[in-house]
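K.L.:
Residue numbers (the UniProt record's numbering): 1 to 269.
#1: Just curious, the alpha helix (DSSP H) that residue 136 is in, first and last residue?
#2: Excluding sequence positions up to five away, which residues of its chain have a Cβ less than 6 Å from the Cβ of residue 217?
#3: Which residues does DSSP list as the beta-bridge partners of residue 259?
#4: Can you find the residues in the same chain that come closer than 7 Å, C-beta to C-beta, to residue 231, ignoring five residues on each side of it along the sequence?
#5: Leaving aside the five residues before and after residue 241 along the sequence, list all residues of the same chain whose C-beta is less than 6 Å from its C-beta, in chain order.
#6: In the DSSP output, what is residue 228 paired with across the bridge?
#7: Which partner residues of residue 181 appear in the DSSP bridge assignment?
#8: What does a CB cutoff of less than 8 Å around residue 142 pick up in its chain, not counting 5 residues either side in sequence?
#9: By DSSP, does residue 66 sit in helix, in strand, or in coil?
#10: Could you please give the first and the last residue of the uninterrupted beta strand (DSSP E) stretch that includes residue 116?
#11: So what does DSSP say about residue 44, is it helix, strand or coil?
#12: Give me the Cα-Cα distance between residue 131 and residue 106, rounded to the nearest whole angstrom.
#13: Under the rule that 16 or more other beta-carbon atoms within 10 Å means buried, what is residue 249, buried or exposed?
#14: DSSP state of residue 72, grouped into three classes?
#15: Pull up the CB-CB distance for residue 175 and residue 253, whole angstroms please, since I reckon it's below 8 Å.
#16: State the beta-bridge partners of residue 107 as determined by DSSP.
#17: When you compare only the Cα positions, how much space is there between residue 51 and residue 112?
#18: Could you pull the start and end residues of the beta strand (DSSP E) that residue 85 belongs to?
Written out as structure tokens, the structure is:
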């Protein structure tokens, strides 16, 4: 009877009694660390190329201003090039890089003042940026222009024609019925030596040159052409030569209003 009672008790405990606790299931193993790789190229301060050829932008870092881009590139190159990093993807085309000592590169770059944050509202990155700004670190130590500078004004040579290379003074020294005597002075304002020259002008009132000294003269209608004599061929810079002449005239005797020397227009003095 005792044995029967024990057997019934045992069966009752297994079928209708309190169930035995379920066996413990071991907790899942911690997630494996992000894969490790190398940075084989640095494109700019916030863009890298990984060992497998993937090119990605480092998340949460703003593009540096142009005046700080070179320093940012140098910092990123020294910190990441050929270094082992762990990679985690944030958004397509962007990554987060963890250095071998566990430091987040974005946080390091912002804390050093080499790059600024973007798309961040609070947290360690915002705090690091505030501290770098207050300490005037990296790009915070320099003032970058906030707008494109206005183009430099064009040089005077591109806005104004060059000064005439010569100055001509024409005067009538004396007049008598049907004729007059005149003088022309030519000054070299070119700044260079003139060796041989031709002076031209045009009369408006039918004047005709009949004789000239210190130069040879020819005339076709109203157009007068004067060429140097052998002893007047050279005109030094700021030097001058004077020509005398006799001419006939009938009626008015206006002064020519334009002269050219070797094809260049002269100032009329």
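We put the beta carbon where it would ideally sit given N, CA and C, even for glycine.
P.N.:
Straight from the coordinates:
#1: Premise fails: residue 136 is in no alpha helix (DSSP H) and is neither H nor E.
#2: The beta carbon of residue 217 sits closer than 6 Å to the beta carbons of 209, 226 from its chain, once the five residues preceding and following it are set aside; these are given in chain order.
#3: Beta-bridge pairing links residue 259 to 201.
#4: Within the same chain, residue 231 has no close Cβ partners at all.
#5: Here residue 241 has 186, 232, 235 as same chain residues with Cβ atoms under 6 Å from its own Cβ, once five neighbours each way along the sequence are excluded.
#6: In the DSSP output, where bridge partners are listed per residue, residue 228 has 215.
#7: Per DSSP, the beta-bridge partners of residue 181 are 174, 246.
#8: Excluding residues within five positions, the ones whose Cβ falls inside 8 Å are 67, 68.
#9: In the structure shown, residue 66 sits in a helix (DSSP, three-state: H, G or I).
#10: Residue 116 -> no beta strand (DSSP E), and no H or E assigned at all.
#11: The three-state secondary structure of residue 44, taken from DSSP, is strand.
#12: Residue 131 and residue 106: Cα-Cα distance of roughly 15 Å.
#13: Label assigned to residue 249: buried.
#14: Correct three-state label for residue 72: helix.
#15: Correct: roughly 7 Å between the Cβ atoms.
#16: Beta-bridge pairing links residue 107 to no other residue.
#17: Across the structure, residue 51 and residue 112 are spaced so that their CA atoms are roughly 26 Å apart.
#18: Start and end: 84 to 89.
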